[in-house]
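Taking the working numbering, the leading residue of the sequence shown gets 1187, the next gets one more, and so forth.
The C-beta atom is built at its ideal place from N, Cα and C for all residues, glycine as well.
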Amino acid sequence: MSSRLVHRNIVRLASSGLHLTAADIRHQASTHEGLHLSVDAAHVVCEMLYQIASEASATDREEWQLCGDGAWQLLWQGISHVNVTGSSTSSNEAELSRLLYTVAHVEVLKKPEGNSSLSQTISTSSSSAACGVTLDIGKEYLLSVSHVNVLDKETIQGGDPLNDIRYTLKHMEVFKAPNGTDCLAPVVLTSSESSACGISLGNGSEYLLSGSFYNGLFHTSTCGQIVTDDPNDNYSGGLMEWDDVSANFLSRLKSFTC
């Protein structure tokens, strides 16, 4: 199974107590990756996922939250308009180097369930290959979610390698826009490198696209895409093509309070 599929099941188990069976694992591997696991192998994978999820610490869940793929993020994590005020690096032999950002919450749009406030510290991997998020001190960030039609793709020569692909979009329906913004810009930037979480969009294709908005520009990446977490939707992956958005998930998108 791919690391993305394993990761997706772990975060769902840890965050929502989802019941997962060996049959579920075999179905996902076959449907989404073309792998045919034996019953014994599926049981081993299932037990491993339960073990990891049950032993997850609060720090582990924060890391998964930052790099996870699933609509459970929108329900479980806080969403806030933040101003980045500082950063530091921490590391030890037991874990990868991590970046710690200090933020000021300009406006809290959604708090985690059962919490009265959001932490002023954001933890993320220092490696883009591990879905690390790079934030600039003094800049402000906010998540956006939109149904888009991709009209054009352009490579920016000699530009920032993290933002050297520019897509022209038509926003069919905006489910979430930055506070005080009536519409989203018709262009989005991403990296041409998959190792830097760059995202590949097909001309003429439609997607449910999530991203961040800062310095007047819309940015997107493979990490943090909003996707369905309902097993009935029979979907497992990152970026959702619009045809994969079920009527039930569309209804949920329109009803999220953020």
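A1382 sits close to L1348, with the two beta carbons spaced by under 8 Å.
Following the DSSP letters along the chain, one finds L1436 inside the alpha helix (DSSP H) bounded by residues A1433 to S1441. By the beta-carbon neighbour count (other beta carbons within 10 angstroms, threshold 16), H1333 is buried. With fewer than 16 other Cβ atoms inside 10 Å of its own Cβ, L1337 counts as exposed. When C-alpha distances from L1395 are compared across D1419, T1354, D1416 and E1379, the shortest belongs to T1354. Using a Cβ distance threshold of 8 Å, E1340 and E1392 do not count as a contacting pair.
The DSSP-derived three-state label of N1349 is coil. Collapsing the DSSP output to three states places D1419 in a helix. Between the alpha carbons of A1290 and R1212 lies a distance of about 44 Å. For F1404, the closest alpha carbon among the candidates H1357, N1389, S1380 and A1433 is that of H1357.
In the displayed model, A1363 falls within coil according to three-state DSSP, outside both helix and strand.
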